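Shown next, in structure tokens, is the structure this report addresses.
Numbering (this note's numbering), first residue to last: 415 to 562.
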């Protein structure tokens, strides 16, 4: 069953990525984390922009952020709102809401499992669709801050 769910996640991820790109929901400068994007191109672009701005003796500032535990903080209802406002098809929004909803976590101590506890936020680590969901979740803040 796990292999089938991973295949389904990849199919939905490719459809969601196509829809998000067509609606302009992803920052055009995004590198890595998604199929067909490497981190090499944005690094070269940044290097070129810095050199170009330094020639006329302008000062250049770059800000890099490492969002710790980003996947753990994806809120299902907020992401659904972002997808709705972005014009993503309803069936994809429903799938994502179902995928992120009604999850539970069971902690195991000394080999004895505890009681399942509900998990209200977060995208699962290791899922093929989680990087895209996280990027879409932060897309309103990155598009505003980068002038997209």
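We treat Cβ as the ideally placed atom computed from N, Cα and C, and that holds for glycine. Values in this document were obtained by computation on a predicted structure and should not be read as measured data.
Buried or exposed: which applies to residue i, given that a residue is buried once 16 or more other Cβ atoms fall within 10 Å of its Cβ?
| i | result |
| --- | --- |
| residue 551 | buried |
| residue 417 | exposed |
| residue 507 | buried |
| residue 521 | exposed |
| residue 565 | Absent from the structure is residue 565, since the part of the chain shown begins at 415 and ends at 562. |
| residue 434 | buried |
| residue 561 | For residue 561, the predicted structure reports a pLDDT of 46, less than 50, and the residue's modelled location is therefore unreliable. A value from the coordinates is still provided. It is exposed - the Cβ of residue 561 has fewer than 16 other Cβ atoms within 10 Å. |
| residue 537 | buried |
| residue 432 | exposed |
When the distance is taken between beta carbons, is residue j closer than 8 Å to residue i?
| i | j | result |
| --- | --- | --- |
| residue 546 | residue 430 | yes |
| residue 530 | residue 518 | yes |
| residue 535 | residue 480 | no |
| residue 456 | residue 445 | yes |
| residue 451 | residue 476 | no |
| residue 496 | residue 553 | yes |
Can you tell which of the options has its C-alpha closest to the C-alpha of residue i?
| i | options | result |
| --- | --- | --- |
| residue 449 | 511, 549, 527 | 549 |
| residue 426 | 494, 466, 513, 455 | 513 |
| residue 491 | 475, 511, 454 | 511 |
| residue 494 | 485, 515, 486 | 515 |
| residue 486 | 539, 474, 470, 464 | 539 |
Jot down the residue ranges of each uninterrupted beta strand (DSSP E) in the region 483-546, minimum 3 residues, whole runs only, in chain order. If only uninterrupted beta strand (DSSP E) runs of at least 3 residues are considered, those enclosed by the region 483-546 are 517-519, 531-533.
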